[in-house]
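What follows is one structure encoded as structure tokens, with my remarks underneath.
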Amino acid sequence: EAKRQGRGRACAFDARLDEDVRLRRRIETGLSQAIARDELSMVYQPIVTGARHEIVGFEALLRWQTEDHGPISPAVFVPIAEESNLIHELGDWVLDRSLAALATWPGQYVSINFSPRQFRRPHFVDDIAQKVAAAGIAPERVQIEITETAIFDDADRAAETLNRLRALGFRIALDDFGTGYSSLYNIRTFALDVLKIDRSFIDGMPRERESMAIVRSIIHLAQSLGLGVIAEGVETRAQVDLLRAAGASHLQGYHFSRPVAPAAALDLAHRRWLSPVRAVATGTHG
Ligand code: C2E
Ligand code: MG
Ligand code: MG
Ligand code: MG
338 EAKRQGRGRA
348 CAFDARLDED
358 VRLRRRIETG
368 LSQAIARDEL
378 SMVYQPIVTG
388 ARHEIVGFEA
398 LLRWQTEDHG
408 PISPAVFVPI
418 AEESNLIHEL
428 GDWVLDRSLA
438 ALATWPGQYV
448 SINFSPRQFR
458 RPHFVDDIAQ
468 KVAAAGIAPE
478 RVQIEITETA
488 IFDDADRAAE
498 TLNRLRALGF
508 RIALDDFGTG
518 YSSLYNIRTF
528 ALDVLKIDRS
538 FIDGMPRERE
548 SMAIVRSIIH
558 LAQSLGLGVI
568 AEGVETRAQV
578 DLLRAAGASH
588 LQGYHFSRPV
598 APAAALDLAH
608 RRWLSPVRAV
618 ATGTHG
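When the sequence shown is numbered by the UniProt record's numbering, its final residue is 623 and no position is left out of the sequence of numbers.
Encoded structure:
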């Protein structure tokens, strides 16, 4: 009886795996046609200063609207694209769109996500430098977001890539900070400008003492090393207040704005401040 049950479970498991593989294939096929079918778009989420909530930049985030399955999250399709050369095609598209949007904003920077495979591509630095130059954009207005996975495997080469990007004037942000391994080693060794504190820690605030303690430590560490911080996933007023008290230099999250379409981002870019309190209380300050 036990054996039969076991076999039944194994079959169910195989069936699920099959289903998984089929789904991944469908996503891969769909993605390879997504650009031609005009199913991709970009949205931009404001990054604000911790104290006055001035919009200093926007994170560029990719969206995929399929005809058959509705919207599919980049958390699902980016890892699948990452397993093939599709990521390069998507990445080039993202970069072109993001630079075009940036060119319309009055002064903010754009923060673009690059997956490990993009970051390790030969000529990554030359390609991005060439595109930014062709668009007539100062590299200082482009922030490159990478995760620890991108720099972990081949540290020497990653260090060289980061040094070259920095020498050209690009800013480097370490995304999802605190969730990767050997975080302290990474921030000591690599040329970075900003740590993005992972949303999972902010999410635990203020309920979990541990999350609070970790966030405070990351902010303190960043300050000591002369790095900026961006707290990701800020959703509540309580979190804003706590992060401000802890000295977080920059904030990003639904509390301020969801990621928005290019036209709405342009409006926000011109409005510049996202603090209702500030707008009412102090109105005219620069
Ligand atoms: P990420 O780079 O860590 O981006 C932050 C994610 O948190 C975004 O999810 C954003 O919409 C979401 N977020 C921002 N504020 C809040 C908040 O207050 N609450 C909650 N619950 N979520 C918030 P999104 O857009 O679904 O992207 C997921 C991930 O997909 C990104 O994580 C990034 O790793 C990847 N991704 C997105 N766009 C691109 C892209 O153009 N290129 C690459 N390589 N990866 C991308
Ligand atoms: Mg990011
Ligand atoms: Mg992140
Ligand atoms: Mg992430």
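The beta-carbon is built from N, C-alpha and C at its ideal position, and this holds for glycine as well.
Alpha carbon of residue i to alpha carbon of residue j, nearest angstrom
| i | j | result |
| --- | --- | --- |
| Asp355 | Arg362 | 11 Å |
| Arg608 | Glu396 | 17 Å |
| Phe456 | Leu436 | 18 Å |
| Ile465 | Val415 | 20 Å |
| Arg544 | Phe593 | 21 Å |
| Asp433 | His557 | 36 Å |
| Asp491 | Ala504 | 20 Å |
| Ala470 | Arg546 | 46 Å |
| Thr498 | Ile509 | 11 Å |
| Tyr446 | Val393 | 7 Å |
| Leu399 | Arg581 | 29 Å |
| Leu360 | Arg374 | 20 Å |
| Gly473 | Asn450 | 21 Å |
| Ile409 | Asp357 | 15 Å |
| Glu391 | Ala601 | 16 Å |
| Ala585 | Pro411 | 27 Å |
| Gly620 | His460 | At Gly620 the pLDDT is 39, less than 50, meaning the model places this residue with poor confidence; the figure from the coordinates comes in the next sentence. One C-alpha to the other measures close to 47 Å. |
| Ala440 | Val566 | 25 Å |
| Asp405 | Ser561 | 50 Å |
| Asp493 | Val462 | 15 Å |
Spatial neighbours of residue i in its chain, beta-carbon cut-off 7 Å, leaving aside the 5 residues before and after
| i | result |
| --- | --- |
| Pro443 | Ala606 and His607 |
| Met542 | Ser548, Met549, Val552, Gln576 and Leu579 |
| Asp604 | none |
| Glu376 | Trp401, Gln402 and Thr403 |
| Val614 | Reliability of the predicted coordinates at Val614 is poor, the pLDDT of 44 falling under 50, and the value obtained from them is presented with this limitation in mind. Closer than 7 Å at the Cβ level, and outside the excluded window around Val614, lies no residue. |
| Phe514 | Ser520, Leu532, Lys533, Ile534, Asp535 and Ile555 |
| Glu569 | Lys533, Ile534, Asp535, Arg536, Ile539, Gln589 and Gly590 |
Residues near residue i in its chain [Cβ-Cβ closer than 8 Å; skip 5 each side]
| i | result |
| --- | --- |
| Ala496 | Ile488, Thr526, Phe527 and Ala528 |
| Asn500 | Ala528 |
| Trp430 | Ile372 and Leu377 |
| Leu368 | Trp401, Phe414, Ile417, Ala418, Leu423 and Leu427 |
| Gly506 | Ala475, Pro476 and Glu477 |
Ligand 1 heavy atom lying under 7 Å from the CB of residue i
| i | result |
| --- | --- |
| Ala583 | no |
| Gln576 | no |
| Pro383 | no |
| Val431 | yes |
| Val566 | no |
| Glu477 | no |
| Ala598 | no |
| Glu572 | yes |
| Ala412 | yes |
| residue 654 | No information on residue 654 is available, as it lies outside the stretch 338 to 623 that the chain covers here. |
| Leu377 | no |
| Ile515 | For clarity, residue 515 is Gly in the given sequence; the question names Ile instead. Checking every heavy atom of ligand 1 against the Cβ of Gly515, none is found closer than 7 Å. |
| Gly428 | yes |
Cβ-based neighbour list, residue i, same chain, cut-off 6 Å, excluding 5 preceding and 5 following
| i | result |
| --- | --- |
| Gly517 | Glu485 |
| Ser452 | Glu419 and Ile424 |
| Pro599 | Ala438 |
Ligand 2 heavy atom lying under 7 Å from the CB of residue i
| i | result |
| --- | --- |
| Asn450 | yes |
| Glu497 | no |
| Arg545 | Correcting the residue identity first, residue 545 is Glu in this sequence and not Arg. Answer for Glu545: no, Cβ out of range of ligand 2. |
| Glu396 | yes |
| Glu482 | yes |
Distance cut-off 7 Å: residue i Cβ against heavy atoms of ligand 6
| i | result |
| --- | --- |
| Pro459 | You won't find ligand 6 in this model; what it holds is ligand 1, ligand 2, ligand 3 and ligand 4. |
Using the beta-carbon of each residue, find all residues closer than 7 Å to any heavy atom of ligand 3 and list them in chain order. Asp512, Asp513, Lys533, Asp535, Arg536 and Glu569
For the pair the segment 385-392 and the segment 412-431, tell me if three or more CB-CB distances fall below 8 Å. no
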